[in-house]
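First comes the structure, then the notes that go with it.
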Amino acid sequence: MKEAFSIAQKIRKSSGPSVIKPLLRLSTYATALGMALVILSITSGKGLQKAINDQFRALEGDINISEYSIRRTGENGPILLSDSLKTVFSENDLVKDIHGEIRKASLVVNPKLDAFEGIEIIGYDSIKLHSFLRDFSTNSTLFNSRYGIYVSSTLLSKLALSVGDTAILVAIKDQRSAPRLRDAVVLGAFETGLDEFNTNHVIMDINDVRRLNGWRNDSVTHYSVLLQESENRNIVAAYWNAIVPYNLQVQSLEFRHPAIFGWLELFDTNILLVLSIVLIVAIVNLCIALLVLIIDRTRMIGTLKAMGASDSLILQIFMWLSIRILIHGLIWGNLIGLGASFLQWYFGLIKLDSTTYYISTAPIYFDYFWILTANLAFILVAFVVLRFPVRWISKLDPIKSIRFS
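The numbering of the sequence shown is the numbering used here, which starts it at 15 and goes up by one.
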């Protein structure tokens, strides 16, 4: 083993008219570039998955509990969980937080211009409202008032309203009742990055929505449940759906937004596709480099064989050269890929169209399991595949090899 390593080092450092040095350098660059591309696809793909998932979790939680309804209006009635069910949900180790919400279809009107938009009011309790404003507020006042509303910057622009202006909420209790009109002061603006949410929702204190509906102080239309780990939500939702009364339904985020989360799942496929393509190109590059090295050193191989060197020793020499290319390429590739990812994570240099990607800056997430797996895949596949071209050495005739020029 030491002899093989020593000879490999002398080959690498050899001077004179040879293709070895530029070939080793070029192969290392190609491997590094491929690995950097894989790292960037992992950090950006996983970053986008996590950022969009976190956006939806912050707004809707992981699991939604609501009335099972076939009303054409799509508006849910009030629900009340039994004490036993509340205990099951709140004391579950998987549950991080649970909040009651009220959602109500309405119109928001600018009385000065007669401009209006159909929206859904979401009533949050004080804890959830504070959390929402902390994460998404862009311009909020410090005071509060009855029927105060928080409106997205997008919707404010459409209605030509500003923070501090008074709008009118038009709410319908049912088809037999006259619409309820309430003056609502715009307490602040928010921006979530989700264009559909920004355009179609207005946020209020849950007690104001109860007064608007004429409901009791403990009435809600939905329970929003945030789990410790979002990966468990489909399993938890399926279990809870089996134990709640028939008039309630439990839905995970994936069930409520199948198109978006189906699209996000494709990112894993894209990452694997990039990894496969780069792996194939890198291995082919290494095999070609190794074959050229063998051809360039055919006379040396013949001389070593004539001096009694075993095929195993000669194979180890060229495997050492291949491993050096691979390891140096992986090290530089990881440094370049992780370095570029860190710059994007820290400075947010690359911007995205929020209407398409739901976020305004390309997110980065360092998923070390995927990064480590990609590196191991490179090493294992290379170790197996590179043994085939070096086996060609055993077929070389020493006399013909020495005469080779």
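By construction, the Cβ of each residue, glycine as well, lies at the ideal position given by its N, Cα and C atoms.
Legend entry - Range covered by the alpha helix (DSSP H) that runs through R13: With the chain running from 15 to 419 in the structure shown, residue 13 is simply not present.
Legend entry - CA-to-CA distance, L390 to H342, given in whole angstroms: Near 14 angstroms, if we compare the C-alpha coordinates of L390 and H342.
Inset, instruction - Out of V292, P259, Y260 and H144, state which residue places its alpha-carbon closest to the alpha-carbon of I220. - result: H144
Inset, instruction - Answer yes or no: do A396 and A296 have a C-beta to C-beta separation smaller than 9 angstroms? - result: yes
Legend entry - Proximity below 9 angstroms, CB of T213 to CB of E89: no
Inset, instruction - Figure out for me which residue from T235, N248, P193 and L329 has the closest Cα to the Cα of R401. - result: L329
Legend entry - Alpha carbon of T152 to alpha carbon of K365, nearest angstrom: 19 angstroms
Legend entry - Inter-residue CB distance, T369 and D209 (contact presumed, cutoff 8 angstroms): 5 angstroms between Cβ atoms; contact.
Legend entry - For A296, the first and last residue of its enclosing beta strand (DSSP E): Going by DSSP, A296 is part of no beta strand (DSSP E) but of the alpha helix (DSSP H) stretching over P272 to D310.
Legend entry - Between the CA atoms of L99 and F204 - distance to the nearest angstrom: 34 angstroms
Inset, instruction - Could you check if T57 is buried or exposed, using at least 16 other CB atoms within 10 Å of its CB as the buried criterion? - result: buried
Inset, instruction - Check the DSSP bridge columns for K365 and list the partner residues they point to. - result: Bridge partners of K365: T375.
Legend entry - Buried/exposed call for F103, threshold 16 Cβ in 10 Å: With 16 or more other CB atoms across the displayed protein chains lying within 10 angstroms of its CB, F103 is buried.
Legend entry - Validate contact between the segment 305–315 and the segment 352–365 using beta carbons, cut 8 angstroms, 3 pairs: no
Inset, instruction - With a 10 Å radius around its C-beta and 16 neighbouring C-beta atoms as the bar for buried, classify P125 as buried or exposed. - result: exposed
Inset, instruction - Determine contact between the segment 347–355 and the segment 44–56, defined as no fewer than three beta-carbon pairs at a distance below 8 angstroms. - result: yes
Legend entry - Cβ-based neighbour list, Q420, same chain, cut-off 8 angstroms, excluding 5 preceding and 5 following: Absent from the model: residue 420. The displayed extent of the chain is 15 to 419, so no value can be given.
Legend entry - Neighbour-count burial assignment, G227, 16 or more Cβ in a 10 Å radius: Note on identity: in this sequence residue 227 is Asn, with Gly being the wrong assignment. So N227 counts as buried.
Inset, instruction - Throw me the rounded Cβ distance for the V122 and A181 pair, which I believe falls under 8 angstroms. - result: 5 angstroms
Legend entry - Nearest-angstrom Cβ-Cβ length linking L293 and F392, presumed shorter than 8 angstroms: With a Cβ gap of about 6 angstroms, L293 and F392 count as contacting.
Legend entry - Bounding residues of the beta strand (DSSP E) (the contiguous stretch that carries T180): T180 to A185
Inset, instruction - Can you grab the Cα-Cα spacing for the pair L287 / S326, in whole Å? - result: 36 angstroms
Inset, instruction - Compute the beta-carbon to beta-carbon distance between V70 and L267, rounded to the nearest angstrom, for a pair I have assumed lies under 8 angstroms. - result: First, the amino acid is wrong: residue 70 is Phe here, not Val. At roughly 5 angstroms, the Cβ-Cβ gap stays under 8 angstroms, so F70 and L267 are in contact.
Inset, instruction - Tell me, to the nearest whole angstrom, how far the beta carbon of P377 is from that of A129; I am working on the premise that it is less than 8 angstroms. - result: Not really, about 35 angstroms apart at Cβ, beyond 8 angstroms.
Inset, instruction - Go to S266, then tell me how far its beta strand (DSSP E) extends in each direction, as first and last residue. - result: L262 to S266
Legend entry - 8 angstroms contact criterion, which I93 and L352 should meet: CB distance rounded: At roughly 48 angstroms, the Cβ-Cβ gap does not stay under 8 angstroms, so I93 and L352 are not in contact.
Legend entry - Nearest-angstrom Cβ-Cβ length linking H135 and V216, presumed shorter than 8 angstroms: What sits at residue 135 in the sequence shown is Ile, not His. Right, the Cβ-Cβ distance comes to about 5 angstroms (below 8 angstroms), so this counts as a contact.
Legend entry - Reduced DSSP category for L201 - H, G, I as helix; E, B as strand; rest coil: strand
Legend entry - Residue closest to F281, alpha-carbon to alpha-carbon, out of L38, G59 and T42: G59
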